[in-house]
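In this text, residue positions in the sequence shown follow our numbering: the first is 333, and each later residue adds one.
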Amino acid sequence: MVWLIVLALLLPAGNVKAAAFNSCVNCHGQCRAADTAGHECSWCHFGSAATSRRDLAHRNLVPPSCADFRSESSQSVHSGAHLAELLACRRCHVVGGAGNRLAQNLDGAVRTLDVAQMRQALRQPAQQMPRFNLPAHDVDSLVSYLLHGAYASVAGSEQPPLVVHFTADNAVAQLPFERHCGGCHQVLSAQYGGLGTGRNGPNLSGLFSRFYPANAERHWNAELLQRWLRNPRQLRPVAIMPPLQLNDDEFAGLLQTFRVADDCHTPPAR
Ligand code: HEC
Ligand code: HEC
Ligand code: HEC
Ligand code: HEC
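Right under this line is the structure:
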């Protein structure tokens, strides 16, 4: 008799605990839990395990294609890292604790965005962000890598971006970049925000920083830029950019535009 009462007390308690602990398993079955190395479903998929309503449980769900972001050695984190390097996201963003702070710190931003919003940000980029036209699986690799950076990053990189967006007033229109380069190039500057509207030439954000893709010989600096402006073809025989004449004041003003205050020096977390 006593045993029956004990059993009656234990059974429902046990069930309630299991349901509250993981409703994902209630719908998806225990078998998935077997190969998750003791982690809860939401460690990789987010969502909420505390509700048995599917729409609520799936809120902010990380889909299968990005769910391996926790692992350094996963295929998509790996190719996302490669893409981020190739496309030089860090000339504008902090990712995984490293990068210029010209645009949003993605380690912080990613924690407030869901996967759909990140995909959208890459497919339909903001005005001062280059359009990369990536296929869907590359977009998801980048998203995995951003998630990896945001949740593995240990860097104190919560500072807001340094960009100050001025409305196009006369002072900005007179900047050497606007007058001589903005027809063909865009740049995010720490001091003036987004400048230029042109898309013929590459986006020059963070040109002098170590996150800008190095050209064949070396990283860009004032001296190399001066030689380039004088005659691009001397450095790159196939260049289509025309030579440009800037006086000393204008050149000094131009250098200001490429200044990226201080960048974050912490290497990506391993
Ligand atoms: C009420 C039942 C129910 C609950 C609770 C539930 N799911 Fe699901 N889940 C489903 C069904 C049904 C599908 C397949 C249809 C779909 O994609 O919505 C699915 C699909 C998925 C997928 C694949 C989605 C895709 O894009 O292919 C993942 C991942 C997933 N669920 C994870 C979770 C996680 C994690 C939890 C707990 C936080 C959870 N589910 C809770 C019913 C549920
Ligand atoms: C360690 C990270 C991790 C954990 C923890 C995890 N998953 Fe996944 N899940 C993934 C990855 C990666 C994929 C895509 C590759 C695959 O299908 O194995 C995936 C795919 C899925 C899918 C879609 C593919 C399919 O087989 O239907 C569902 C549904 C799913 N997970 C549900 C769950 C549930 C429920 C739990 C908790 C019991 C869980 N996952 C725990 C990483 C994880
Ligand atoms: C030339 C600078 C630049 C480059 C390079 C760049 N972005 Fe952006 N990105 C921006 C700007 C500007 C925004 C708009 C938000 C802001 O002002 O910070 C943005 C927004 C985003 C957002 C949305 C952030 C949010 O809070 O909504 C994501 C995600 C993102 N970028 C990812 C990337 C990835 C991944 C790469 C590399 C493949 C990349 N960006 C390369 C400038 C850049
Ligand atoms: C008429 C259009 C045009 C104007 C004006 C122009 N550029 Fe360019 N620029 C280009 C093009 C196109 C490229 C790509 C390389 C090539 O094929 O010449 C380029 C390349 C560059 C590069 C090399 C970037 C890299 O990643 O290889 C730098 C640096 C540069 N421009 C700086 C400037 C600066 C600074 C100004 C203004 C003082 C300026 N450009 C004005 C068209 C222009």
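The C-beta atom is built at its ideal place from N, Cα and C for all residues, glycine as well.
Determine the direct distance from the alpha carbon of residue j to that of residue i, and round the result to whole angstroms.
i, j, result
"Cys359", "Val409", "28 Å"
"Gln314", "Leu419", "In the structure as shown, the chain begins at 333 and stops at 602. Residue 314 is therefore absent and cannot be evaluated."
"Leu576", "Ser405", "47 Å"
"Gln506", "Phe540", "22 Å"
"Arg423", "Arg385", "42 Å"
"Ala399", "Glu510", "43 Å"
"Val357", "Val394", "16 Å"
"Leu454", "Arg463", "8 Å"
"Glu555", "Gly431", "23 Å"
"Leu361", "Pro545", "Before going further, note that residue 361 is Gly rather than Leu in the sequence given. Whole-angstrom Cα-Cα distance: 47 Å."
"Trp552", "Arg559", "11 Å"
"Val426", "Asn502", "31 Å"
"Arg565", "Ile572", "8 Å"
Does DSSP put residue i in a helix, a strand or coil?
i, result
"Ala430", "strand"
"Leu312", "With the chain running from 333 to 602 in the structure shown, residue 312 is simply not present."
"Leu415", "helix"
"Gly370", "coil"
"Gly514", "coil"
"Ser355", "helix"
"Ser476", "helix"
"Val471", "helix"
"Gly533", "coil"
"Gly481", "helix"
Within 10 angstroms of its Cβ, does residue i collect 16 or more other Cβ (buried), or is it exposed?
i, result
"Gly275", "Because the chain spans 333 through 602 in this model, residue 275 falls outside it and cannot be assessed."
"Gln605", "Nothing about residue 605 can be reported from this structure: the residues present for the chain run from 333 to 602 only."
"Leu388", "exposed"
"His377", "buried"
"Ala458", "exposed"
"Ala468", "exposed"
Quick one: is residue i near chain C, going by C-beta distance under 7 Å?
i, result
"Gly431", "Checking the listed chains, one finds no chain C in this structure; it contains a single protein chain."
Might you give, ordered along the chain, the residues of its own chain that have their beta carbon closer than 6 Å to the beta carbon of residue i, omitting 5 neighbours on each side?
i, result
"His480", "Phe401 and Val409"
"Met450", "Val475"
"Ser397", "Asp472"
Can you find the residues in the same chain that come closer than 8 Å, C-beta to C-beta, to residue i, ignoring five residues on each side of it along the sequence?
i, result
"Leu415", "Leu466, Asp470, Ser473, Leu474 and Tyr477"
"Gly530", "Cys513, Gly514, Gly515, Cys516, His517 and Gln518"
Can you find the residues in the same chain that come closer than 7 Å, C-beta to C-beta, to residue i, ignoring five residues on each side of it along the sequence?
i, result
"Ser521", "Leu527 and Thr589"
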